[in-house]
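So in this note's numbering, the last one in the sequence shown is 235, and the numbering has no gaps at all. No residue lacks a Cβ here, since even glycine has one placed at the ideal position from N, Cα and C. Note sheet for the following structure.
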Amino acid sequence: MNLKMIYSVIGVLFLLITCTQCASSQQIDMKTPIELKDVYFQKWIAGVEGGGSGFMLYIEVNEKPDVQLEHAYFKGKKIELRHKTNELVYVGHHTYPSRKQDLSMSDDPKEEFKNQLPVVEEKPPFELKDNECIVAYTKNGKKGYFKLNNVPEKELQAYPTRNNQ
């Protein structure tokens, strides 16, 4: 009976240590590893039916750093950050899901097999306020995170409609 209790305690301690290691791997840096020039987001809508809507996240840096910004957690979404080689701005693009797909309900399973699977978005591992952003980066082969507070919103970008000819 006593040996069983010891094994249980050791098992629980091992589990706690393992979980603590995972949680500590996502520590947020208090200081950004690069100098930022401007950070903002901008909502957009397409001018054509079915064109969609979403938002863009812009992170402009002062100089080409040895840090690679990979993705951001913003507004409950994980957004991949991209930049052109000769530019100093990283851009994250998120498109809101368009209207729901029609589902085929049938007695024949082959007909229902044609339905598209729903897209399941990854839940961010961080609790953020509406205007906060966590940026994942890589520097010298090591991954890290830093937080941006009060990301401002710029005026809505409405793309023009197509002219009917």
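Can you name, in chain order, every residue of its own chain whose Cβ lies under 7 Å from the Cβ of residue i, other than the five neighbours on each side?
i	result
residue 275	Since the first and last residues shown for the chain are 71 and 235, residue 275 lies out of range.
residue 176	182
residue 140	151, 206, 207, 208
residue 134	158
Would you kindly work out how many angstroms separate the C-alpha atoms of residue i and residue j, rounded to a whole number?
i	j	result
residue 150	residue 181	35 Å
residue 208	residue 214	6 Å
residue 212	residue 97	13 Å
residue 237	residue 219	With the chain covering only 71 through 235, there is no way to say anything about residue 237.
residue 94	residue 222	Because the pLDDT at residue 94 is just 42, under 50, the model does not fix this residue reliably, and the point stays unresolved.
residue 75	residue 100	42 Å
residue 239	residue 226	Here the chain has residues from 71 to 235 only, and residue 239 is not among them.
residue 91	residue 116	Residue confidence for residue 91 is low, a pLDDT of 48 falling below 50, so the modelled location carries little weight and cannot support an answer.
residue 126	residue 163	5 Å
residue 229	residue 112	12 Å
residue 201	residue 79	43 Å
residue 224	residue 159	16 Å
residue 156	residue 121	29 Å
residue 179	residue 185	10 Å
What are the boundary residues of the beta strand (DSSP E) that includes residue i?
i	result
residue 225	223 to 228
residue 102	Residue 102 -> no beta strand (DSSP E), and no H or E assigned at all.
residue 123	123 to 131
residue 144	137 to 144
residue 191	First-last for residue 191: undefined, no H or E at that position.
residue 150	147 to 152
Tell me where the alpha helix (DSSP H) around residue i begins and ends.
i	result
residue 182	179 to 182
By Cβ distance below 6 Å, which residues in the same chain neighbour residue i in space, the five residues on each side in sequence not counted?
i	result
residue 216	99, 102, 205
residue 203	142, 144, 218, 221
Residues in the same chain with beta-carbon distance under 8 Å from residue i, minus the five sequence neighbours each way, listed in chain order, please.
i	result
residue 138	207, 208, 209
Since residue i and residue j should fall inside the 8 Å C-beta cutoff, what is the C-beta to C-beta distance between them, to a whole number of angstroms?
i	j	result
residue 110	residue 128	6 Å
residue 123	residue 77	That pair is no contact at about 56 Å.
Given 8 Å as the limit, is there contact between the stretch 191 to 201 and the stretch 136 to 148, that is, 3 or more CB pairs closer than that?
-> yes
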